[in-house]
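Trainee: Residue numbers (the numbering used here): 4 to 139.
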Amino acid sequence: MTNLALVARKLALLEEHLRRLHERRPADLESFTRDLLIQDAVSMGVLVVVQEGADIALHIASDEGWELGSTYGEAFAVLGRHGVIDEALATSLAGAAQLRNRIAHGYASLDAERLWKELPAGMTSFGRLQPPSRRS
4 MTNLALVARK
14 LALLEEHLRR
24 LHERRPADLE
34 SFTRDLLIQD
44 AVSMGVLVVV
54 QEGADIALHI
64 ASDEGWELGS
74 TYGEAFAVLG
84 RHGVIDEALA
94 TSLAGAAQLR
104 NRIAHGYASL
114 DAERLWKELP
124 AGMTSFGRLQ
134 PPSRRS
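Laid out in structure tokens, this is it:
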């Protein structure tokens, strides 16, 4: 059975980092591309949010005795297959996991414009994760 207290603590941390991302993302692209410190702060925030989300997904799957995804994207897909989140949300979170990988592993230099433009949708997706008692 899923440790709901652990999931709730991780969701609270995730929500705090989402709040910080909302505060840090400048209102315009030009400000974002000019400020390397903000780009770094936002990138780190994305890493933390995706990591916390993936940790939650892996904890739930493990606690429930389900298969464990071999990637963060697959971890979200497992939750989708088992009805914890809907398939569209699982797909969106998997996309965010790919962004996390590009940032963390330096697959390419940071595309600041793409990060700035895609950040609101990613934050919305992670904001949809709710403690089991709050899910409708």
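Positions of the beta carbon are idealized from the N, C-alpha and C atoms, including for glycine.
Please report the straight-line C-alpha distance between L61 and E77, rounded to a whole angstrom.
Mentor: Looking up residue 61 in the sequence shown gives position 58. Looking up residue 77 in the sequence shown gives position 74. Using only the alpha carbons, I get a separation of about 10 Å.
Trainee: Count the other CB atoms, across all protein chains shown, that sit within 10 Å of the CB of S112; report buried if there are 16 or more and exposed otherwise.
Mentor: Here the question's residue 112 lines up with position 109 in the sequence shown. Its Cβ having fewer than 16 others within 10 Å, S112 is exposed.
Trainee: Does the pairing of the segment 9-21 with the segment 45-61 give three or more beta-carbon distances under 8 Å?
Mentor: Yes, they touch.
Trainee: Within a Cβ cutoff of 7 Å, which residues of the same chain sit near L50, ignoring the five residues on either side of it in sequence?
Mentor: As a first step, residue 50 must be located in the sequence shown, where it is residue number 47. Closer than 7 Å at Cβ, skipping near neighbours: R103, I106 and A107.
Trainee: Express the C-alpha separation of E55 and R37 in angstroms, rounding to a whole number.
Mentor: As a working note, residue 37 is residue 34 in the sequence shown. As a working note, residue 55 is residue 52 in the sequence shown. The straight-line gap from Cα to Cα measures roughly 29 Å.
Trainee: Is the shortest distance between the beta-carbon of V49 and the beta-carbons of chain B less than 9 Å?
Mentor: In the structure shown, chain B cannot be found, because there is only a single protein chain.
Trainee: With distances taken from CA atoms, which of E67, D114, L132 and Q101 is nearest D89?
Mentor: Counting from one through the sequence shown, the residue named residue 89 turns up at place 86. Closest option to D89, Cα to Cα, is L132.
Trainee: Would DSSP call G56 helix, strand or coil?
Mentor: Start at 1 with the first residue of the sequence shown, and residue 56 comes out as number 53. Note: G56 maps to helix in three-state DSSP.
Trainee: Under three-state DSSP, which class holds D31?
Mentor: Indexing the sequence shown from 1 puts residue 31 at position 28. Residue state, collapsed to three classes: coil.
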